[in-house]
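J.: Could you have a look at this structure, given as structure tokens, before my questions?
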Ligand code: ATP
Ligand code: MG
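Numbering (the working numbering), first residue to last: 0 to 420.
Rendered as structure tokens:
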């Protein structure tokens with residue numbers, strides 16, 4: 000047997016109703032808040048991610064699935080969606096039509112991480128990005144929209160973590176303060192962090208290795224280093240969140256694993272999943288559009304971990320399936336042919352109907368109808384058909400009656416509709 004690759008998974012029909020419900024709810028909320036859907040390729044040039052996410056981040060250093068593709072050079076299975084959305088915003092000159100664009104996309108991402116519960120190598124994200132709006136009110140509105148989605152999905156036990164990463168004007172002073180503090184504890188850092196320390200000291204704050212966590216416990220808070228513009232921006236975000244009734248905590252250790260963020264960053268955490276507790280994360284990235292060759296336009300976005308959201312909801316949501324309305328039991332070749340015709344006609348009319356295509360006994364077929372939880376069973380045999388009659392059995396009340404084969408599909412439809420109301 001050839002098995003699937005570790006870190007990848009099958010989403011089976013039994014579980015799909017939850018995925019679909021979340022997707023429908025997400026699309027509704029995006030519609031309510033004025034976002035339009037965009038669908039993008041899964042494969043992009045490796046350079047797109049190296050330049051945007053940053054080449055001293057975990058994702059770019061070790062988690063990307065990349066391969067040489069002849070003349071195209073190194074290509075990568077996207078590890079996240081923001082870079083591709085930005086690429087498209089620039090390449091399709093969306094900014095020329097209207098610099099303000101509110102976009103969302105849903106699909107698979109790929110990261111070569113150590114597989115474990117809540118952490119897969121192919122996982123799904125619901126991603127939203129807003130271009131052309133620098134206002135802190137957009138930051139707050141985005142977090143509010145996210146929390147509204149979670150509340151419509153009845154997901155409880157979430158907390159909003161908030162921090163500001165400042166801007167190119169004020170971040171260097173923080174980096175320096177951080178660096179001089181950590182240098183004293185250099186020996187305690189993991190190999191990754193010591194290597195990246197000078198180039199990107201912020202990564203240490205994001206490291207999950209216990210000794211690194213311990214080393215940065217006393218680290219300064221970036222919010223103490225913000226310039227006036229960044230400080231005002233952050234205050235406005237917090238004020239609007241409070242005004243909207245969204246609770247939050249300031250987390251000075253929150254930096255997020257991508258380099259492109261500026262100012263507001265946030266993460267939504269759950270208490271329902273154990274170690275893999277981040278269900279969504281996002282932030283502002285005012286410099287990225289320009290960095291990737293576009294005009295200078297502010298932007299902000301987030302990504303929801305679809306798999307983790309499903310894992311939370313699966314704890315209390317029962318999977319649902321469209322109930323079977325009619326099951327046909329046929330005896331003999333002629334009845335089989337008729338039955339297949341009726342099933343097709345009923346399906347066409349939107350009625351769930353099935354039959355058994357094999358030659359099994361009525362008794363075993365009744366058992367199958369029970370297993371499929373059919374509301375009605377129609378029993379058709381050669382003798383009855385000659386008289387233009389079949390038997391209709393209501394599986395709940397066990398009542399049986401004879402109905403005429405003339406206009407049978409219409410009759411069944413109206414019986415089913417009446418029974419529902
Ligand atoms: P984590 O801290 O758990 O590694 P992250 O900060 O790397 O998350 P982001 O890049 O911000 O994650 O992606 C947004 C969301 O996507 C996360 O909050 C998480 O729910 C989900 N996610 C990220 N990586 C994975 C993965 N390997 N498997 C499943 N979901 C993931
Ligand atoms: Mg990660």
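All residues carry an ideal CB built from backbone N, CA and C; glycine is no exception.
1) Any chance the segment 232-247 sits against the segment 150-169, with 3 or more Cβ pairs inside 8 Å?
2) Would you call residue 267 buried or exposed, if buried means 16 or more other Cβ atoms sit within 10 Å of its Cβ?
3) Secondary structure at residue 199, three-state DSSP: helix, strand or coil?
4) Tell me whether residue 416 is buried or exposed, calling it buried when 16 or more other Cβ atoms sit within 10 Å of its Cβ.
5) Where does residue 59 fall in DSSP's three states?
6) With DSSP as the reference, label residue 168 as helix, strand or coil.
7) For a minimum of 4 consecutive residues, which ranges assigned as the alpha helix (DSSP H) are wholly contained in the segment 348-404?
8) Looking only at C-alpha atoms, which of 335, 316, 294 sits nearest to residue 357?
9) State yes or no: is the C-beta of residue 352 within less than 7 Å of the C-beta of residue 346?
10) Indicate the three-state DSSP secondary structure (helix, strand or coil) for residue 454 in the structure shown.
11) Can residue 7 and residue 118 be called in contact, C-beta distance under 7 Å?
12) Within the same chain, show all residues whose beta-carbon is closer than 8 Å to that of residue 14, passing over the 5 residues directly before and after it, in chain order.
13) With 16 other CB atoms within 10 Å as the buried threshold, where does residue 284 fall?
14) Are residue 83 and residue 39 close, meaning C-beta to C-beta below 7 Å?
15) Inspect the beta-carbon positions of residue 124 and residue 302 and report whether they are closer than 7 Å.
16) Assuming residue 355 and residue 367 form a contact by the criterion Cβ under 8 Å, report the distance between their Cβ atoms to the nearest whole angstrom.
17) Residue 297 to residue 49, Cα distance in whole Å?
18) Using the three-state DSSP reduction, which class does residue 410 fall into: helix, strand or coil?
19) Determine the DSSP secondary structure at residue 275, reduced to helix, strand or coil.
20) If we count the other Cβ atoms within 10 Å of its Cβ and call it buried at 16 or more, is residue 135 buried or exposed?
21) Going by Cα to Cα distance, which pick from 26, 23, 80, 68 is closest to residue 47?
22) Just to confirm my understanding: we take residue 206, look at its own chain, exclude 5 residues before and 5 after, and list those with CB closer than 6 Å. What are they?
23) Would you kindly report the start and end of the unbroken alpha helix (DSSP H) that includes residue 26?
24) With a threshold of 6 Å on Cβ separation, who are the neighbours of residue 55 within its own chain once the five nearest residues in sequence on each side are excluded?
25) So residue 0 is in the alpha helix (DSSP H); what residue range does that whole segment cover?
26) Apply the 10 Å Cβ neighbour rule to residue 11 and answer buried if 16 or more other Cβ atoms are within range, or exposed otherwise.
27) Give the single residue among 189, 232, 110, 231 whose Cα lies nearest to the Cα of residue 215.
28) Would DSSP call residue 280 helix, strand or coil?
29) Rounded to whole angstroms, what is the Cα-Cα separation between residue 222 and residue 229?
30) Taking the beta carbon of residue 150 as the centre, do at least 16 other beta carbons fall within 10 Å, making it buried, or is it exposed?
31) Kindly give me the distance between the Cβ atoms of residue 85 and residue 44, rounded to whole angstroms, as I take these residues to be in contact under 8 Å.
32) Helix, strand or coil for residue 238 per DSSP?
33) Name, in chain order, the residues that DSSP records as bridge partners for residue 162.
34) Across which residues does DSSP place residue 100 in a beta bridge pair?
35) What does DSSP give as the partner residue(s) for residue 304 in the beta ladder?
36) Would the beta-carbon of residue 156 be found less than 6 Å away from any heavy atom of the ligand MG?
T.: Reading off the structure:
1) yes
2) buried
3) coil
4) exposed
5) helix
6) coil
7) 361-370, 381-385
8) 335
9) yes
10) Nothing about residue 454 can be read from this structure; the chain reaches only from 0 to 420.
11) no
12) 309, 313, 318
13) buried
14) yes
15) yes
16) 6 Å
17) 20 Å
18) helix
19) coil
20) buried
21) 80
22) 192
23) 15-31
24) 195, 198, 199
25) First-last for residue 0: undefined, no H or E at that position.
26) exposed
27) 189
28) strand
29) 9 Å
30) exposed
31) Contact flag wrong, Cβ pair sits at about 13 Å.
32) helix
33) 264
34) 130
35) 124
36) no
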